Amino acid sequence: MPDLLDNDIQYMQGVGPKRAELLNNELNIKTFGDLLFYFPYKYIDRTKFYRINEIRSNLPYIQVRGQIISLQSIGARHKKRLVAEFTDGTGTIELVWFQGVNWIKDTLKPGVDYIAFGKPSKYGLKINLIHPDLEEASKYEAQLSSSLQAYYSTTEKLKKSYVTSRTIQKLITNLFKNFKIEVRETLPEYLMNKLRLLALNESLRQIHFPTSPDLLSKAQFRLKFEELFYIQLNILKQKFTRENYIDGFVFHKVGDYFNRFYSNKLPFELTGAQKRVIKEIRKDLGSGKQMNRLLQGDVGSGKTLVALMAMLIAMDNEFQACLMAPTEILAMQHYTTITEMTEGLDINVKLLTGSSRKSERDIIHEELTGGTLHILIGTHALIEETVQFNNLGLVIIDEQHRFGVAQRAKLWKKNVQPPHVLVMTATPIPRTLAMTLYGDLDVSVINELPPGRKPIKTIHFTDSKRLRVHGFMKQQITEGRQIFIVYPLIQESEKMDYKDLEDGYFSIKQAFPSPQYAVSIVHGKLKTEDKDFEMERFRSGKTHIMVATTVIEVGVDIPNASVMIIESAERFGLSQLHQLRGRVGRGADQSYCILMTSNRLTDEAKQRIKTMVDTNDGFEIAEVDLKLRGPGDIEGTQQSGMPFELKIANLGRDGQILQYARDTVMDILEDDPLLDDAKNNILKQQLKKLVKGGFNWSEIS
Ligand code: ADP
Ligand code: MG
């Protein structure tokens with residue numbers, strides 16, 4: 003039977019090719035089915051009416067019932083607007099239209115009861131409703147099937163073509179009324195009964211046309227649960243399969259490389275957390291199963307050392323290891339640290355990045371395939387086809403949030419048998435997001451900083467306090483400290499941003515004149531050599547201040563830098579602010595993070611700044627970030643391979659449902675890992691369908 007849900011949306015009455023294209027481009031609605039699964043973002047109780055004399059302009063929306071008492075078009079041709087005076091007997095408001103003036107004017111009937119709905123705004127002394135929803139009261143009441151009216155988000159482009167929330171609702175009404183749409187159940191009966199879930203058909207009807215708040219919340223629960231359930235089923239089924247059917251290299255011993263490093267080279271005592279994590283990794287490596295572990299640890303918690311020790315174990319078992327970092331600066335830094343730390347241990351470490359010369363590359367390729375290269379450190383360049391190992395046993399990926407899941411997968415395909423994989427991230431990921439993005443990985447957490455670190459003090463200043471900040475900087479420099487000043491660079495190509503940076507640099511040079519002070523500048527437009535040169539000058543203490551863009555965001559380690567000044571801090575996301583702050587506080591001195599902002603901040607920006615001032619805890623910050631922005635916007639998630647958009651569940655709010663879905667999936671898979679049982683047939687079919695439909699964002703095979 004051809005599925006009605008697969009019908010092209012353009013063939014629906016009231017759509018046509020032009021609107022279809024818009025719906026497709028703007029909302030990704032191509033078929034009847036897509037429309038059915040386009041869910042409202044809010045509901046408004048439309049049985050509630052305001053009296054006009056109660057209306058305040060700060061209400062999010064209002065609904066009033068009344069009549070039009072006068073109607074006027076004002077202004078010249080293209081600036082024409084239509085203003086209707088509207089009263090309910092307690093007062094008057096103005097309904098205002100800027101578009102379709104003539105047409106709307108002709109349809110309005112004085113003396114008839116209308117329901118007007120919209121967002122109130124204040125214009126002079128009058129309350130206005132701009133482009134209100136307006137309907138004759140008699141018609142409105144006849145059609146009202148539910149007191150809770152669904153609202154659908156649209157875009158400016160859609161609104162210009164008169165596709166509003168209302169239009170979408172009409173189309174969906176059409177689906178139910180004229181097409182009598184029915185969908186097949188997508189969860190097995192035993193689960194539905196056990197979890198007391200509302201049927202899919204009923205849930206879809208309720209989500210669009212709720213008949214009561216209670217049924218609406220049951221419908222929401224069912225749909226959210228299902229959405230999260232299948233993501234977990236996909237990810238955990240792969241994890242189960244991998245663990246049960248794919249062999250991992252067995253690193254059975256800890257040998258000379260590890261032991262010599264541990265007793266002779268280790269410059270400090272490991273923290274308890276580092277010890278625990280190394281044990282966890284060691285256990286994985288010896289288990290015979292392929293390791294897939296996520297190592298989370300706040301900036302400065304000492305992940306590099308853990309990475310190195312894991313690589314030494316690989317070498318003790320005659321395997322090669324590689325470490326991939328998201329930027330050249332970072333790769334270079336890892337290279338320097340690791341060569342220094344392993345000096346005298348006869349370990350061949352090389353660096354491969356986009357700017358490695360051909361001659362160096364040739365040597366690296368030869369040593370890699372010959373097996374004489376032990377550790378390869380680099381950037382994305384490591385993923386290239388031409389990079390072939392002799393026996394790659396361990397892959398370490400630093401700062402995962404910059405890499406896509408697909409890239410991760412490419413690395414493990416460098417061997418017939420997949421190498422062990424350790425993914426390290428300094429961006430604390432809220433639990434819910436981790437379960438979704440990295441639900442196939444085991445997780446280790448370094449929840450302890452090396453001893454002697456003082457918590458960073460974070461202070462917020464507005465631009466008017468700049469002189470005070472300069473004074474403070476001078477005092478810090480006198481005490482021998484160094485300072486970062488970071489400017490936002492949202493898009494590397496934006497001229498505006500560079501202007502901010504250059505102006506900033508210029509005024510800093512004036513306030514901190516040479517020869518008394520030396521200032522470095524680093525940004526993405528510089529050539530690699532120049533960047534490295536400037537970084538090196540700063541690292542070695544030749545310059546006091548480093549003016550930079552976010553290129554220094556990740557991982558850069560300069561213990562003597564104790565002040566991080568973030569300009570236009572309101573333009574940064576929370577996780578980025580936290581990352582930047584983590585650049586200081588690495589030495590024993592008291593460190594400071596100064597957030598500079600303008601005077602006028604949005605509520606959300608205020609909350610971001612306040613969170614930064616209040617806490618140093620990366621996980622807490624990540625949770626706030628998720629709540630404020632939603633997972634789609636969380637720093638790095640787009641790049642990090644969350645190519646599906648959740649239609650209804652929200653990782654910031656639906657953590658409990660997610661946990662419930664994950665537990666349910668675990669129970670099912672423990673019983674029936676391949677979903678071969680007849681009762682799980684629906685699950686197998688539906689998963690296949692979702693995976694085919696592109697939900698297969700994880701390429702782990
Ligand atoms: P991360 O990558 O987790 O942000 P790093 O590995 O760069 O952190 O470590 C930060 C700094 O702390 C480095 O200078 C490192 O040498 C130092 N460090 C790491 N582990 C310890 C430890 N156990 N005791 C003291 N210092 C440590
Ligand atoms: Mg690091």
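According to the working numbering, the stretch in the sequence shown is residues 3 to 703, in order. Where is the CB? At the ideal position from N, CA and C, for every residue including glycine. Since this is a predicted model, take the numbers as computed values, not measurements.
Roughly how many whole angstroms lie between the Cα atoms of Q171 and I183? 15 Å
Cutting at 8 Å between CB atoms, please list the residues of its own chain near D754, excluding the five before and the five after it. Residue 754 is absent from the structure shown; the chain starts at 3 and stops at 703.
Please specify which runs of the alpha helix (DSSP H), each continuous and at least 4 residues long, are wholly inside the stretch 358 to 411, giving them in chain order. 360 to 372
Considering Cα atoms alone, identify which of F463, Y500, E538 is closest to N567. Here residue 567 is Ile; the residue named in the question, Asn, does not match the sequence. Nearest of F463, Y500, E538 to I567, Cα basis: F463.
So, with DSSP's three-state summary, where would you put T166? coil
Taking one C-beta from the stretch 415 to 435 and one from the stretch 653 to 661 each time, how about it: are there three or more such pairs within less than 8 Å? Touching, per the Cβ criterion.
So for E450, helix, strand or coil by DSSP? coil
Since L576 contacts D627 with CB under 8 Å, what's their CB separation in whole angstroms? Yes, they are in contact, since the Cβ atoms of L576 and D627 sit about 4 Å apart, within 8 Å.
Determine whether the beta carbon atoms of S600 and E572 lie at a separation below 8 Å. E572 is positioned such that its CB atom lies closer than 8 Å to that of S600.
Check whether the stretch 439 to 457 touches the stretch 293 to 304, counting contact only when three or more Cβ pairs, one atom from each stretch, lie closer than 8 Å. Cβ pair count under 8 Å is three or more, so yes.
I'd like to confirm the pairing. Which residues does DSSP put opposite I461 in its beta bridges? I596
For Y440, which residues in the same chain have their Cβ closer than 6 Å to its Cβ, ignoring the five residues on either side in sequence? L296
Complete runs of the alpha helix (DSSP H) confined to the stretch 41 to 126 [at least 4 residues]: 103 to 109
Would you check whether the ligand MG has a heavy atom nearer than 7 Å to the C-beta of A312? no
Alpha carbon to alpha carbon, what distance is there between Q322 and M426? 18 Å
Buried or exposed for L375, going by 16 or more other Cβ atoms inside 10 Å? A buried status is given to L375, since no fewer than 16 other beta-carbon atoms sit within 10 Å of its beta-carbon.
Q222 - containing beta strand (DSSP E), residue span: Where Q222 is concerned, there is no enclosing beta strand (DSSP E), although the alpha helix (DSSP H) it sits in stretches over 215 to 247.
List the DSSP bridge partners of V351. I377
Does I718 pass the burial test, meaning 16 or more other C-beta atoms within 10 Å, or should it be called exposed? Not covered by the structure: residue 718. The range shown for the chain is 3 to 703.
Can you say whether D5 is buried or exposed, counting buried as having 16 or more other CB atoms within 10 angstroms of its CB? exposed
So Q658 is in the alpha helix (DSSP H); what residue range does that whole segment cover? 657 to 673
Given T306, which residues of its chain have a CB within under 7 Å of its CB, disregarding the five upstream and five downstream residues? Excluding positions up to five away in sequence, the list reads H336, T339.
Should A118 go down as buried or exposed, given a rule of 16 or more other Cβ atoms within 10 Å for buried? buried
Leaving out five residues on either side along the sequence, give the residues of the same chain with a beta carbon under 6 Å from the beta carbon of I487. V549, I567
Buried versus exposed call for Y164 [16 or more other C-beta atoms within 10 Å across all chains shown]: exposed
Start-to-end residues for the beta strand (DSSP E) that takes in K612: No beta strand (DSSP E) contains K612, which is instead part of the alpha helix (DSSP H) from 605 to 616.
Cβ-Cβ distance between M313 and I377 below 8 Å: yes
Does DSSP classify Y519 as helix, strand or coil? Coil at Y519, not helix or strand.
Between the C-alpha atoms of I458 and R655, what's the straight-line distance to the nearest angstrom? Whole-angstrom Cα-Cα distance: 30 Å.
Output yes or no for whether 8 Å exceeds the beta carbon distance between L685 and L230. A distance of 8 Å or more separates the beta carbons of L685 and L230.
Start and end residues, beta strand (DSSP E) containing T427: 422 to 427
Counting pairs of Cβ atoms below 8 Å between the stretch 203 to 214 and the stretch 60 to 80, do you hit three or more? No, the stretch 203 to 214 does not touch the stretch 60 to 80.
Among P430, I479, P62, which residue has its Cα nearest to the Cα of Q578? P430
Contact test: D400 Cβ vs the ligand MG heavy atom, cutoff 7 Å: At least one heavy atom of the ligand MG is nearer than 7 Å to the Cβ of D400, so yes.
Looking at the structure shown, is I560 part of a helix, part of a strand, or coil, going by DSSP? coil
Secondary structure of N294, DSSP reduced to three states: strand
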